[in-house]
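Student:
Number of protein chains: 2
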Amino acid sequence: MAVAPWPAPHRFQRMNADHAPGQERSEVPQGLRHVDFSHGDVSAFPPPPEVVDAVTAALRDGGRYAYSPYRGHSFIRELVAQRLSTFTGAPIDPTSEVIVTPGTQGGLFLALSALVERGDKVAVVAPDYFANRKIVEYLEATPVPVELAYRTAEGEPARLDLDELRAAFAGGARLLVFSNPNNPTGAVYTSEDIEAIAALATEFDAFVIVDQLYSRQIFGEHPFTHLRAHARERCLTLIGPSKTESVSGCRVGVAIAPAAIIDRMEQLQGIVSLRAAGYMQAALEPWFAESEGWLDQRIADHARIRDDLHAVFSASGAVSTRLTEGGSYLFLDVPAAKGRIDEFVAKLRTEAAVTVTRGPEFGDFPESVRLNFSQDHQAAVDAARRIVQVAERL
Amino acid sequence: MAVAPWPAPHRFQRMNADHAPGQERSEVPQGLRHVDFSHGDVSAFPPPPEVVDAVTAALRDGGRYAYSPYRGHSFIRELVAQRLSTFTGAPIDPTSEVIVTPGTQGGLFLALSALVERGDKVAVVAPDYFANRKIVEYLEATPVPVELAYRTAEGEPARLDLDELRAAFAGGARLLVFSNPNNPTGAVYTSEDIEAIAALATEFDAFVIVDQLYSRQIFGEHPFTHLRAHARERCLTLIGPSKTESVSGCRVGVAIAPAAIIDRMEQLQGIVSLRAAGYMQAALEPWFAESEGWLDQRIADHARIRDDLHAVFSASGAVSTRLTEGGSYLFLDVPAAKGRIDEFVAKLRTEAAVTVTRGPEFGDFPESVRLNFSQDHQAAVDAARRIVQVAERL
């Protein structure tokens, strides 16, 4: 007996989750090495060996690790608070201002859920991480786009449209959510823009969620400004070891925020997932304490891949991209793909054995695709050449 | 500068999450061995050794395990579908009818979120797992209590009030959520009640979520009836290795449901937490395939603890309880605690070095407390004697 499908709750329809980045099927041609640019390749860049050791030890010492308070083990929060206060340049109370979540994604969902009321307006940068918009929609609130101008001349910084942000706050938005370094472009915000965001939040009594997942991986001498050093009482910082450190398979992330917000996130975590896996919280023990030179080496390896891909893409008139300043993402503009981005993405898969994430996930970007270049170096360069070929044939 | 706390969204206020079971602080007297009955003790009952081996191997083979589709690794879903179809007595399509979630809690949140519209009525058994009610409230729906009569004569089955369930469906509820074995009483539903639930769901075109987290741990020859064998197209079954198998520290659970519901849960998982930790999904490989005799031994060990606690509690006129038929919970009635349950719970902690979960979490049970007796045997019996002493002094 077939039963009629139960109607989806209203909030599901708003999510528009038909495309699920990272979920693309891989139907790739024979003979080519498939490169999945939708996320990093942990075989090419494995986690620090200390992480595997720490989690393995935790598994064998289960009584200590299996259960934790919903906000995470106190001994883990102590470590994390100390290291992140040094990193971000502002103090953190380990008891009240930190929560360990199932990945940074888990933190983002809890943070937005803790702050967004149905019917609210929420300022969302465009382009930015697709889940920002989806979660806001799921919570039955309205995203108000604020443009990040990233298509600048070489060497010129990307700039947030501060007039648009002011207008969003003046129009009733009480919350801004954005990522720094920006996902998908790899742009790093200027200190002027970060300080202006802090000032506008204060002026309009607003709150800011900043996703700094890739903030340890900044290339060259590029300066990086931590929002919480300028707006500690008005911001929530998301960070974790899933990207640069390749620890995504452990699903641990960290949120830092004023105590009242952390309390609310913990209440919600109590019904959503209870806690980040008790054993996996041990993956945070070696975080920010990797062996001497480990992080520098990882950044240098990624800088070389970035430069080689940039050279391949810059040599073609069919595509263009901004040089990534932080993180492992690049956003590729393919003007010929406008109006047929899904066809282009499908061709990349079937003709070039390449998986990418479609630009429209990040806002109104109908001719762009995102690549995570944390991949085997040579395989990534070869795949970039194939991308150019497909783009030139369009 | 102190900033006014941001107002909590409306749905937070409905949750009433002031008490967080499993989160109780432990201020216990010197000299007594603290027994935390709020959850099982994984040092007393460790996970099967194959689980630790499987997760450790996955951590060292990261490329295969780190990332999975949001619904879980296909090779894990194949194994789980095969074993659970045998266990539950009805086929399962591994591609479309299974999702791996961050613990069974993660599955419960996704399941209710996938089915409950704001303003809905949802039939919720009383007593039952506290998160059922909290999640329904969080989703801005209304729980409609349906009584489970569990205070029966020794040997008599607990019975669901089927008239109340009919009235709830007739009054507009389209969903029932319950646990079997029942949390907190350890009662197992009769086959008559399970078949009646299936028939009522069909009659009223309703859907049922059944949490069978403890359904592998049934004592003696007590029969257990799987709802999905009678209502496969109208039910979602939650199960996982967190309880009997002591694998809670891995945060992996499984939901089985019609494909349309699993699709929706996966969409939501994509914004809530992405996936159960990729490495931890390996904990499901040895599940239902533990070494010969492992499960029988575990059940026998728990039956002995159950019997000894039952003897301690039955010998006192100050408390009473039902003999647990399945799982590791018992629900203790303490008539003198009525009207001052928080005082009683606090005295247990400060005078008897015992942590329990308060009855009001499970519905209108102002004189009861829940114990998880998956503990060191002797420590549990000693603690039970101390509980009786505190109850008698009330």
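The listed protein sequences derive, respectively, from chains A and B.
So for the first sequence, our numbering puts the first residue at 1; every next one is plus one.
So for the second sequence, our numbering puts the first residue at 1001; every next one is plus one.
A virtual CB, placed ideally from N, CA and C, is assigned to each residue, including glycine.
Since the structure is predicted, the reported quantities are computational estimates derived from the model, not experimental observations.
Tell me whether Arg370(A) sits in a helix, a strand or coil according to DSSP, three-state version.
Tutor: If DSSP states are grouped into helix, strand and coil, Arg370(A) belongs with the strands.
Student: Measure the CB-CB distance between Val52(A) and Leu1059(B) and report whether it falls below 8 Å.
Tutor: The answer is yes: Cβ separation under 8 Å.
Student: Could you tell me whether the Cβ of Thr1056(B) comes closer than 8 Å to any Cβ of chain A?
Tutor: Output row for Thr1056(B): interface = yes.
Student: DSSP puts Lys1121(B) in a beta bridge; with which residues?
Tutor: According to DSSP, Lys1121(B) bridges with Thr1142(B).
Student: So, under 8 Å CB-CB, Arg1275(B) and Ser1068(B) are touching, yes? Tell me the CB distance rounded to an integer number of Å.
Tutor: Right, the Cβ-Cβ distance comes to about 5 Å (below 8 Å), so this counts as a contact.
Student: Please identify, using Cβ separations under 7 Å, the residues of the segment 276-296 of chain A that lie next to chain B, in order along the chain.
Tutor: Within the segment 276-296 of chain A, the residues whose Cβ lies closer than 7 Å to some Cβ of chain B are Ala277, Gly278, Tyr279, Met280, listed in chain order.
Student: Hey, would you say Gly186(A) sits closer than 8 Å to Gly72(A), going by beta carbons?
Tutor: Going by C-beta atoms, Gly186(A) is not nearer than 8 Å to Gly72(A).
Student: Is Pro29(A) near Thr350(A), with beta carbons less than 8 Å apart?
Tutor: Yes, these two residues count as a Cβ contact at 8 Å.
Student: Could you check the C-alpha separation between Arg1395(B) and Glu1367(B) for me, to the nearest Å?
Tutor: Absent from the structure is residue 1395(B), since the part of chain B shown begins at 1001 and ends at 1394.
Student: For Ser374(A), count neighbouring Cβ atoms within 10 angstroms of its own Cβ and tell me buried if that reaches 16, exposed if not.
Tutor: Buried is the call here.
Student: Cα separation between Ala257(A) and Asp1376(B)?
Tutor: Between Ala257(A) and Asp1376(B), the C-alpha separation is close to 39 Å.
Student: Between Phe1362(B) and Val1035(B), what straight-line distance do the alpha-carbon atoms span, to the nearest angstrom?
Tutor: Cα to Cα, the separation comes out at about 21 Å.
Student: Considering only the alpha carbon of each residue, which of Ser113(A), Ser242(A), Val254(A), Ala383(A) lies closest to Val42(A)?
Tutor: Residue Ser242(A) is the option with its Cα nearest to Val42(A).
Student: If the cut is a Cβ gap below 7 Å, which residues of chain A does Leu1274(B) touch?
Tutor: Within 7 Å Cβ-Cβ: Gly103, Gln105.
Student: Given Glu195(A), which residues of its chain have a CB within under 6 Å of its CB, disregarding the five upstream and five downstream residues?
Tutor: Closer than 6 Å at the Cβ level, and outside the excluded window around Glu195(A), lie His230.
Student: Compute the Euclidean distance between the alpha carbons of Ala111(A) and Ser38(A), then round it to the nearest angstrom.
Tutor: When rounded, the distance between both Cα atoms is 24 Å.
Student: Out of Asp1161(B), Gly1359(B), Ala1289(B), Arg1174(B), which one is the CA nearest neighbour of Glu1050(B)?
Tutor: Among Asp1161(B), Gly1359(B), Ala1289(B), Arg1174(B), the Cα nearest to that of Glu1050(B) is on Ala1289(B).
Student: Should Tyr1138(B) be flagged as near chain A, meaning a C-beta pair shorter than 8 Å?
Tutor: Yes, its Cβ sits closer than 8 Å to a Cβ of chain A.
Student: If I measure Cβ to Cβ from Gln1389(B) and keep anything under 6 Å in the same chain, skipping five residues before and after, which residues do I get?
Tutor: Around Gln1389(B): no qualifying Cβ.
Student: In the structure shown, what three-state DSSP assignment does Glu1137(B) receive?
Tutor: In this structure, Glu1137(B) counts as helix in the three-state DSSP scheme.
Student: Provide the residue span of the beta strand (DSSP E) that contains Ser1085(B), from first to last.
Tutor: From DSSP, Ser1085(B) is part of no beta strand (DSSP E) but of the alpha helix (DSSP H) over 1074-1088.
Student: Which of the three DSSP states is assigned to Thr324(A) in this structure?
Tutor: Correct three-state label for Thr324(A): coil.
Student: Just verifying my parser: in three-state terms, what is the DSSP assignment at Asp41(A)?
Tutor: The answer is coil: DSSP assigns Asp41(A) none of H, G, I, E or B.
Student: Using a Cβ cut-off of 8 Å (strictly closer), state whether Arg298(A) contacts chain B.
Tutor: Not one chain B Cβ lies under 8 Å of Arg298(A).
Student: How close, in whole Å, do the beta carbons of Gln212(A) and Leu238(A) come, if the pair is a contact with beta carbons under 8 Å?
Tutor: Yes, Gln212(A) and Leu238(A) are in contact; Cβ-Cβ is about 7 Å, under 8 Å.
Student: Here's the rule I'm using: 16 or more other beta-carbon atoms within 10 Å means buried, otherwise exposed. How should Thr1225(B) be labelled?
Tutor: Counting Cβ neighbours within 10 Å, Thr1225(B) comes out buried, since at least 16 surround it.
Student: Please classify Arg358(A) as buried or exposed, where buried requires at least 16 other C-beta atoms within 10 Å of its C-beta.
Tutor: Looking at its Cβ environment, which holds 16 or more other Cβ atoms inside 10 Å, Arg358(A) is buried.
Student: Using a Cβ-Cβ cut-off of 7 Å (strictly less than) and excluding sequence neighbours within five positions of Ile1135(B), which residues of its own chain qualify?
Tutor: Leu1108, Phe1109, Leu1112.
Student: Closest by CA to Arg393(A), which one among Leu139(A), Phe344(A), Cys250(A)?
Tutor: Considering only alpha carbons, the answer is Phe344(A).
Student: Do you know offhand how far Ala1002(B)'s Cα is from Leu236(A)'s?
Tutor: Residue placement at Ala1002(B) is flagged as unreliable, the pLDDT there being 46, under the threshold of 50; a coordinate-derived value is accordingly withheld.
Student: How long is the line joining the alpha carbons of Val354(A) and Ala383(A), rounded to whole angstroms?
Tutor: About 7 Å.
Student: Below 8 Å CB to CB, which residues in the same chain sit around Lys1338(B) once its five sequence neighbours on both sides are set aside?
Tutor: Only Pro1366, Glu1367 meet the Cβ criterion.
Student: Tell me the DSSP bridge mates of Glu1351(B)?
Tutor: The partner list for Glu1351(B) (beta bridge, DSSP) is empty, contrary to what the question assumes.
Student: Assuming Val254(A) and Val177(A) are in contact, meaning their beta carbons sit under 8 Å apart, how far apart are those beta carbons, in whole angstroms?
Tutor: Their Cβ separation, rounded to whole angstroms, is 17 Å, which puts Val254(A) and Val177(A) out of contact at 8 Å.
Student: Work out the CA separation of Asp1364(B) and Ala1391(B) for me, nearest whole Å.
Tutor: Near 20 Å, if we compare the C-alpha coordinates of Asp1364(B) and Ala1391(B).
Student: Please tell me whether Ala149(A) and Arg159(A) are closer than 8 Å, where the distance is taken between their beta carbons.
Tutor: For Ala149(A) and Arg159(A), yes; Cβs fall inside 8 Å.
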